[in-house]
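Student: Handing you a structure now.
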Amino acid sequence: MATTISTAPRRHFSWVWLGLTPFFLFAILFILLPSTSLFIDSFRDGQGNFTLANITGLTQSPIPESYWLSIRISAVTAIFGGILGFLLAYSRASGNLPRWLYPVTLTFAAVASNFAGVTLAFAFVNTLGRTGFVTAVLKGLGLDIYGFGFNLYSFLGLSLTYMYFQFPLMLLIMVPAIEGLKKEWREAAENLGASTFQYWLRVGFPLLLPSILATMLLLFGNAFGAYATAFALTGGRLNLITIQIGAQMRGDVLHNVNLGYAMALGMVLIMAVSLVGYTYLQRISERWLR
Amino acid sequence: MAFLELTNVRKVFPNAQTPAVEDFNLNVNAGEFVSFLGPSGCGKTTTLRMIAGFETATSGSIVMDGRDITPIRPNQRNIGMVFQSYALFPNMNVADNIGFGLKVGGKSKPEIKERVGEMLALIKLEELGNRYPYQLSGGQQQRVALARAIAIRPQLLLLDEPLSALDAKIRLSLRNEIRSIQRQLGITTVYVTHDQEEALSLSDRVVVMNRGLIEQVGPPFEIYNFPTTEFVASFVGTLNLLKVKVIDPATGAIQVDGQTFFTGRPLVNHAAGETAQIALRPGIVQSRQHGARR
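First to last, the protein sequences are chains A and B.
The C-terminal residue of the first sequence carries number 289 in numbering that gives the first Met the number 0, and the numbering is unbroken.
The C-terminal residue of the second sequence carries number 293 in numbering that gives the first Met the number 0, and the numbering is unbroken.
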């Protein structure tokens, strides 16, 4: 009797997938399902009927202004936080800093990039608020920052507060990117007659540019989604889109949960665009720096 | 006068117990192809990097074309270098990589275009000017790196184990291509390798190094057939080491296990009756009919 031998490879269960299970569960429960619910509820009224009123409501004042304010503050802190973080990462990479500064800067960055919310707002109120410690010291030295028009509870003040967690995040991501620049590229450029400036202008900086832009997009998203810091610091004085959504959800005065969902959907779309840009730029960077 | 002169060059890295390069003296003639051959850590790459200017000699001098280049920065030396890892700029296409040195040197666009075209033809990659390094094979990348180094019309070409990262077949064809381009341009070349076959087949002269010191300098034939130290004899080619009794130094007569042989050259540093060690290449052993003298 002829026997048949199966040549198809047997599929073995891989334990690697077990490690990924929490991630997929998390993504489904807290990203996919809420986003789907958000999308559906954005097109419903309070009674659950289909409506476009929430979407058209996004064009009603002050919602567009809130989006614009959030975009501006996110862009400003992403750009300046990005520049500051990059310069710090570059200084570290140059190898000319005192040795003790290397672990100190990284530890600070790791802590500060996660230090946001009420505690951060409280820290800034205590230092740069009207009666803050730094404000008082500066005043004692003859520099009255509030007299010069500075206000912690303004666009500038909130931007400064956001910078506290923005530039450390830039530093954390840029350090490995700068370290990924091969020594041979610099030597090859030098060997071909390039000065240090020419190397950075034509090789080093263009190679880092996708990483820099990608991380700035990440910083943008980081600031765009921030709520607690802004709310704790300014109350309702700065109408960021996250504060607007909070107001609709809590229902203190305005209570239209579905309009809140529509606003959140707008945020998700803006964040999604940032994420697509980030992924694209990271792919270029990985291809170059691998 | 030699084109490149290295005199008493010494390099000691900070916190190192022993010098990486010591007492290095070498003259390279214009148009010559010289290889530094030795095991890992023997100082060959360090010496090459001192010539390029990436390492500073602790003492000694490096003179190129009558000019002491020891204190000169690498970007002022007009030396082309090819790296083991290619070191092509990933953000530039092939043409821009080749034209990089000309661009930073302030050459005009038409001049750069013309020279890049010449270089692409030289390495036979005319069609690939618009490709990016990640779109090329290892062999193609190294040819581009070679073209980039030559494009600036350097006075000296340095190659640091340029074929190590390539597979055997490509290594062989690129080896011949490098030699053919070097001959065509007549450019003085220093080549670093740990591959004896590469060094022996490519070079006009080979510098065998060990532990930071030069063991022997000479044409490949001499290095292979007449090694002056035990290290050179064992490092270059395969051989058998035999204890022999010297019978007649003048005629090169030696005795192994009671049988007499002739080395073919006088044994200058040995006396009759002395025990010596000979290195025997398997390839030169020939069997003759009994009674034939050899």
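Glycine included, every Cβ here is placed at the ideal spot set by N, Cα and C.
(1) Taking C-alpha atoms, which residue in B:273, B:138, B:213 and B:221 lies nearest to residue 122 of chain B?
(2) Below 8 Å, can you find three or more Cβ-Cβ pairs linking the segment 29–49 of chain B to the segment 131–149 of chain B?
(3) Which term fits residue 206 of chain A, buried or exposed, when burial requires 16 or more other beta carbons within 10 angstroms of its beta carbon?
(4) Using the Cα positions of residue 110 of chain A and residue 55 of chain B, report the straight-line distance between them to the nearest angstrom.
(5) Could you tell me whether any Cβ in chain A is nearer than 9 Å to the Cβ of residue 14 of chain B?
(6) Compare the Cα-Cα distances from residue 152 of chain A to each of A:82, A:107, A:230 and A:114 and report the closest residue.
(7) May I ask you to report which of helix, strand or coil DSSP gives residue 266 of chain B?
(8) Go ahead and label residue 188 of chain B buried or exposed: buried means 16 or more other beta carbons lie within 10 angstroms of its beta carbon, across all protein chains shown.
(9) Going by CA-CA distance only, name the one from B:218, B:69 and B:18 that's closest to residue 201 of chain B.
(10) Rounded to whole angstroms, what's the CA-CA distance from residue 271 of chain B to residue 246 of chain B? Just pull it up for me.
(11) Which runs of the alpha helix (DSSP H) fall wholly inside the segment 93–161 of chain A and span at least 4 residues, in chain order?
(12) Report the residue from B:263, B:212, B:249 and B:282 whose alpha carbon sits nearest the alpha carbon of residue 237 of chain B.
(13) For residue 0 of chain A and residue 281 of chain A, I'd like the C-alpha separation in whole angstroms.
(14) For residue 131 of chain A and residue 118 of chain A, I'd like the C-alpha separation in whole angstroms.
(15) Quick check on this structure: which residue in A:236, A:192, A:225 and A:278 has the alpha carbon closest to the alpha carbon of residue 51 of chain B?
(16) Return helix, strand or coil for residue 293 of chain B, following the three-state DSSP convention.
(17) Closer than 9 Å, CB to CB, is residue 72 of chain B near chain A or not?
(18) For chain B, is any of its Cβ atoms less than 9 Å away from the one on residue 206 of chain A?
(19) Less than 8 Å between the CB of residue 13 of chain A and some heavy atom of the ligand NAP, yes or no?
(20) Apart from the five residues on each side of it in sequence, which residues of its chain come closer than 6 Å, Cβ to Cβ, to residue 82 of chain B?
(21) Give the residues of chain B in contact with residue 193 of chain A, contact being defined as C-beta atoms less than 7 Å apart.
(22) Using the beta-carbon of each residue, which ones in chain B are nearer than 9 Å to residue 281 of chain A?
(23) Are the beta-carbon atoms belonging to residue 261 of chain A and residue 95 of chain A less than 9 Å from one another?
(24) Which residues, in chain order, does the segment 176–192 of chain A contribute to contact with chain B at a C-beta distance below 8 Å?
(25) Compare the beta carbon distance of residue 162 of chain B and residue 192 of chain B with 9 Å and say whether it is the shorter of the two.
(26) Specify the secondary structure class of residue 1 of chain A as computed by DSSP and reduced to three states.
(27) Decide if residue 101 of chain A is buried, meaning its Cβ has at least 16 other Cβ atoms within 10 Å, or exposed.
(28) Shorter than 9 Å from the beta carbon of residue 80 of chain B to some beta carbon of chain A?
Tutor: Here's the rundown:
(1) Between residue 122 of chain B and the set B:273, B:138, B:213 and B:221, the nearest pair of CA atoms involves B:138.
(2) With the rule of 3 Cβ pairs closer than 8 Å, the segment 29–49 of chain B does not count as touching the segment 131–149 of chain B.
(3) The residue in question, residue 206 of chain A, is buried, as its Cβ has 16 or more Cβ neighbours within 10 Å.
(4) Residue 110 of chain A and residue 55 of chain B: Cα-Cα distance of roughly 41 Å.
(5) The Cβ of residue 14 of chain B sits no closer than 9 Å to any Cβ of chain A.
(6) Cα-wise, what sits closest to residue 152 of chain A is A:230.
(7) Coil.
(8) Sixteen is the threshold: when 16 or more other Cβ atoms of the shown chains lie within 10 Å of the Cβ of residue 188 of chain B, as they do, the residue is buried.
(9) When only C-alpha atoms are compared, the closest one is B:218.
(10) One C-alpha to the other measures close to 5 Å.
(11) Entirely contained in the segment 93–161 of chain A, the alpha helix (DSSP H) runs reaching 4 residues are, in chain order, 100–111, 117–127 and 132–139.
(12) In this structure, B:282 is the residue among B:263, B:212, B:249 and B:282 with its C-alpha nearest to the C-alpha of residue 237 of chain B.
(13) Since pLDDT at residue 0 of chain A reaches only 47, below the 50 mark, its modelled position is unreliable, and no value is offered.
(14) Their backbone Cα atoms lie some 15 Å apart in a straight line.
(15) Taking each of A:236, A:192, A:225 and A:278 in turn and checking the Cα distance to residue 51 of chain B, the smallest one comes out for A:192.
(16) Confidence is the limiting factor: at residue 293 of chain B the pLDDT is only 47, short of 50, which leaves the residue's position unreliable, though a coordinate-based value still follows. In the structure shown, residue 293 of chain B sits in coil (DSSP, three-state: anything other than H, G, I, E or B).
(17) Chain A places a beta carbon closer than 9 Å to that of residue 72 of chain B, counting this residue as a contact.
(18) Residue-level contact check: residue 206 of chain A touches chain B, since one or more beta carbons of chain B fall below 9 Å from its beta carbon.
(19) Among the ligands in the structure shown, none appear at all, so the ligand NAP cannot be discussed.
(20) Same-chain partners within the cutoff: 159.
(21) 74 and 103, listed in chain order.
(22) Under the 9 Å cutoff, chain B gives no residues; its nearest Cβ is about 15 Å from residue 281 of chain A.
(23) No. Outside cutoff.
(24) If you check each beta-carbon in the segment 176–192 of chain A against every beta-carbon of chain B, the ones closer than 8 Å belong to 181, 183, 184, 186, 187, 188, 189, 190, 191 and 192.
(25) At a Cβ-Cβ threshold of 9 Å, residue 162 of chain B and residue 192 of chain B count as neighbours.
(26) With a pLDDT of only 49 at residue 1 of chain A, under the threshold of 50, the placement of this residue in the model should not be trusted, and no figure is reported.
(27) Residue burial annotation: residue 101 of chain A is exposed, with fewer than 16 other C-beta atoms found within 10 angstroms of its C-beta.
(28) Residue 80 of chain B belongs to the set of residues whose beta carbon lies under 9 Å from a beta carbon in chain A.
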